[in-house]
Amino acid sequence: MHRLLPILFVAVLGACSEPPPPTLNLFRALEIGDLDQVKRHLYWEDGTDRPDSAGDYPLHIVARTNRVSIGRALLEHGADPERRNGADQTPLEVALANGKILFAQMLIEAGAAFDPQRLLLEQAATGNADRDVHTFLLEQGAVIDQPDAQGRTALHLAIAGGHLDAVSRLIDNGADVNRVDGKGHLPLELARQPGIGPDAGTIERLLLRNGARANR
């Protein structure tokens with residue numbers, strides 16, 4: 001009988017440490033930030049590799065809401081920080097697009113690929129004007145006037161997309177308003193091209209106020 005006691009103790013201890021099954025849908029738990037329910041899902045089943053109906057994986061969902069503790073739990077359970085969602089975005093790209101710097105830093109520390117220059121160009125092209133995101137990327141080594149393979153700087157990309165707020169943010173951060181792109185176009189020339197959008201006139205005036213030239 002005495003020999004059975006240690007075995008029984010270990011069995012009881014194991015049963016006590018086992019969490020109960022989840023009572024909430026995984027994606028709902030992720031959305032509301034219920035860490036306990038998420039951990040139950042991770043214990044009872046591999047919930048890190050399944051997208052929701054929009055094509056977002058768990059890491060993408062919590063990247064939008066800055067749920068750092070849940071993000072860490074997902075990564076510890078094997079979530080891939082490089083997996084792309086239905087919109088072809090990594091969790092890091094989603095975090096930056098939503099201004100979630102703490103989550104972005106957590107992903108980088110966990111080994112997510114990080115190219116601050118590429119990301120600055122990407123944020124400008126999509127119109128992200130978040131001050132903290134721009135500051136973070138510049139502090140991490142992005143160069144504001146460094147062009148892409150086509151000779152376009154972040155300012156050129158923001159103007160081409162008609163993104164007034166991003167243009168303003170880049171100018172505030174020191175972007176060169178007279179640097180030509182790979183085709184020899186000045187920023188002001190780009191702003192005057194058709195198809196820029198409803199903010200084209202405001203972008204043009206903003207450039208002029210900051211010393212943009214009309215001719216090379």
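First residue of the sequence shown: 1, per full-length UniProt numbering; consecutive thereafter.
Using N, Cα and C, we set each Cβ at its ideal position, and we do this for glycine too.
Cβ contact (3+ pairs, closer than 8 Å) linking the stretch 139-150 and the stretch 164-182: A contact is defined here as three or more CB-CB pairs under 8 Å, and the stretch 139-150 meets this definition with respect to the stretch 164-182.
Cβ-based neighbour list, glycine 162, same chain, cut-off 6 Å, excluding 5 preceding and 5 following: Taking the first residue of the sequence shown as position 1, residue 162 is located at position 162. Here the set comprises Ile196, Gly197, Asp199.
Burial state of glutamine 123 (16 or more Cβ within 10 Å): Within the sequence shown, residue 123 is the residue found at index 123, counting from 1. The residue in question, glutamine 123, is buried, as its Cβ has 16 or more Cβ neighbours within 10 Å.
Inter-stretch contact at 8 Å, needing at least 3 Cβ pairs: the stretch 106-114 / the stretch 122-139: no
Collapsed DSSP secondary structure at aspartate 130 in the structure displayed: Translated into positions along the sequence shown, residue 130 becomes position 130. Three-state DSSP puts aspartate 130 in coil, outside helix and strand.
CA-to-CA distance, asparagine 98 to asparagine 178, given in whole angstroms: Along the sequence shown, read from residue 1 onward, the residue named residue 178 stands at position 178. Along the sequence shown, read from residue 1 onward, the residue named residue 98 stands at position 98. For asparagine 178 and asparagine 98, the distance between alpha carbons rounds to 30 Å.
Proximity winner among Gly151, Lys39, Pro187, Leu107, relative to asparagine 210 (alpha-carbon distances): As a working mapping, residue 210 is identified with position 210 in the sequence shown. Comparing alpha carbon positions, the residue from Gly151, Lys39, Pro187, Leu107 closest to asparagine 210 is Pro187.
Euclidean distance between Cα positions of isoleucine 90 and leucine 157: Here residue 90 is taken as the residue at index 90 of the sequence shown, counted from 1. Here residue 157 is taken as the residue at index 157 of the sequence shown, counted from 1. Isoleucine is not the amino acid found at residue 90; the sequence shown has threonine there. Those two C-alpha atoms are separated by around 21 Å.
6 Å Cβ shell around isoleucine 101 - same chain, five flanking residues per side excluded: Here residue 101 refers to the residue found at position 101 when the sequence shown is read from its first residue. So the qualifying residues of the chain are Asp132, Phe136.
Through-space distance from leucine 107 to proline 194, alpha-carbon basis: Sequence index remark: in the sequence shown, residue 194 carries index 194 (1-based). Sequence index remark: in the sequence shown, residue 107 carries index 107 (1-based). Looking at the two C-alpha atoms, the distance is approximately 40 Å.
Straight-line Cα distance separating serine 69 from valine 10: Along the sequence shown, read from residue 1 onward, the residue named residue 10 stands at position 10. Along the sequence shown, read from residue 1 onward, the residue named residue 69 stands at position 69. The predicted position of valine 10 is uncertain, since its pLDDT is 42 and thus under 50; a value taken from the coordinates is nonetheless stated next. In this structure, the CA atom of valine 10 is about 30 Å from the CA atom of serine 69.
Sequence-distant residues of its chain with Cβ nearer than 7 Å to asparagine 66 (five each side left out): Along the sequence shown, one-based indexing puts residue 66 at 66. For asparagine 66, where only same-chain residues beyond five positions count, the Cβ hits under 7 Å are Lys100, Leu102, Phe103.
Length of the line joining the Cα atoms of arginine 205 and arginine 213: Mapped onto the sequence shown, residue 205 falls at position 205. Mapped onto the sequence shown, residue 213 falls at position 213. Taking the straight line from one Cα to the other gives about 11 Å.
Integer-rounded CB distance, given that arginine 64 should sit under 8 Å from valine 94: For this step, residue 94 is matched to residue 94 along the sequence shown. For this step, residue 64 is matched to residue 64 along the sequence shown. About 6 Å separates the beta carbon of valine 94 from that of arginine 64, a gap short enough to meet the 8 Å contact definition.
Rounded C-alpha distance that separates serine 168 from leucine 24: Position 168 of the sequence shown, counting from 1, holds the residue named residue 168. Position 24 of the sequence shown, counting from 1, holds the residue named residue 24. Straight-line Cα distance between these residues: approximately 44 Å.
Residue range of the alpha helix (DSSP H) that includes glutamate 82: The residue labelled residue 82 in the question sits at position 82 within the sequence shown. Note, glutamate 82: premise wrong, no alpha helix (DSSP H); not H, not E.
Close beta carbons around leucine 8, own chain, < 7 Å, minus the five adjacent residues each side: For the purposes of this step, residue 8 is taken as the residue at position 8 of the sequence shown. The predicted position of leucine 8 is uncertain, since its pLDDT is 43 and thus under 50; no value can be drawn from it.
CB-CB length for glycine 86 against alanine 54, believed under 8 Å: As a first step, residue 86 is located in the sequence shown; it is residue number 86 there, counting from the start. As a first step, residue 54 is located in the sequence shown; it is residue number 54 there, counting from the start. 6 Å between Cβ atoms; contact.
Range of the contiguous alpha helix (DSSP H) that encloses residue 226: Outside the shown range of the chain (1 to 216) lies residue 226, about which nothing can therefore be said.
Inter-residue Cα distance where the pair is serine 17 and glycine 33: Position 17 of the sequence shown, counting from 1, holds the residue named residue 17. Position 33 of the sequence shown, counting from 1, holds the residue named residue 33. Their Cα atoms are separated by approximately 22 Å.
Whole-angstrom distance between valine 38 and glutamate 76, CA atom to CA atom: If you number the sequence shown from 1, residue 76 lands on position 76. If you number the sequence shown from 1, residue 38 lands on position 38. C-alpha separation (whole angstroms): 12 Å.
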